[in-house]
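Residues -17 to -1, 1 to 130 (mature numbering (1 follows the signal peptide of the UniProt record, and there is no 0)) are what the sequence shown spells out, left to right.
Built from N, CA and C at the ideal position, the CB exists for glycine as well.
These numbers come from a predicted model, not from an experiment.
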Amino acid sequence: MKKLITYFCALLFTVFAASCMSKPSATAPSENNSDITGKTWQLTELNGKPIQLKNPKAVPHFMLNTSTMRYEGHGGCNGVGGTFEIKPEVMRIKFNQGMSTMIACDDLETERAFTQALLSADNYSVNGNTLTLNKARMAPLAKFTLK
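Right, dumping it as structure tokens:
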């Protein structure tokens, strides 16, 4: 009987010790760093062509804030922002029409194309430090790099 109690206590201790061990979280970010939120993404290409800016200091960029579910950024001339919806597990995204200032500048055409790419995108892909916004299975609308 003493042996049985000893084995039972050893088994109970083993189960208890195993349950205290930390396990990797199923929701931990993946190794390929595909989480695009909370980072500043700087525009590099529109519709497959590198951007050509008259003012290279005002590169269009944006950031996704998951605490408010809003995007904010700069189109090169004007501030842009609005709400967004994201499903990272299937790499789907939707930018909703938001606000924008209305200042004219030399790169207004690039800004309009940047804003249109955001509003048209319905999915994205990440390859290293490059984010690509896409619509359906068409060619990429815009490419970004981490700022």
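Please work out which residues of its chain come closer than 8 Å, Cβ to Cβ, to residue i, disregarding the five sequence neighbours upstream and downstream, and give them in chain order.
i	result
Asn38	Gly59, Cys88, Asp89, Asp90
Leaving out the 5 sequence neighbours to the left and right, which residues in its chain are closer than 7 Å to residue i when beta-carbon positions are compared?
i	result
Phe78	Tyr54, Gly65, Phe67, Leu101, Leu102, Ala104
Asn106	Met74, Arg75, Ile76, Asn117
Asn61	Ser83, Thr84, Met85, Ile86, Glu94
Leu124	Asn30, Ala100, Ser103, Ala104, Leu116, Asn117, Lys118
residue 139	Lying before the first or after the last residue shown, residue 139 is absent from the chain, which here runs from -17 to 130.
Pro33	Thr27
Gly111	none
Please report the Cβ distance between residue i and residue j, rounded to the nearest whole angstrom; I am assuming they are in contact, meaning their Cβ atoms lie under 8 Å.
i	j	result
Thr128	Gln25	6 Å
residue 133	Thr27	Missing from the structure shown is residue 133; the chain here goes from -17 to 130 and no further.
Apart from the five residues just before and just after residue i, which ones in its own chain have a Cβ nearer than 6 Å to its Cβ?
i	result
Ile19	Leu114
Lys69	Per the sequence shown, residue 69 should be read as Ile rather than Lys. Cβ within range, chain order: Ile76.
Comparing alpha-carbon positions, which option in the options lies nearest residue i?
i	options	result
Thr51	His44, Gly21, His57	Gly21
### Query
Which parts of the region 61 to 108 are runs of the alpha helix (DSSP H), unbroken and 4 residues or longer, counting only runs that do not cross its ends?
91 to 103
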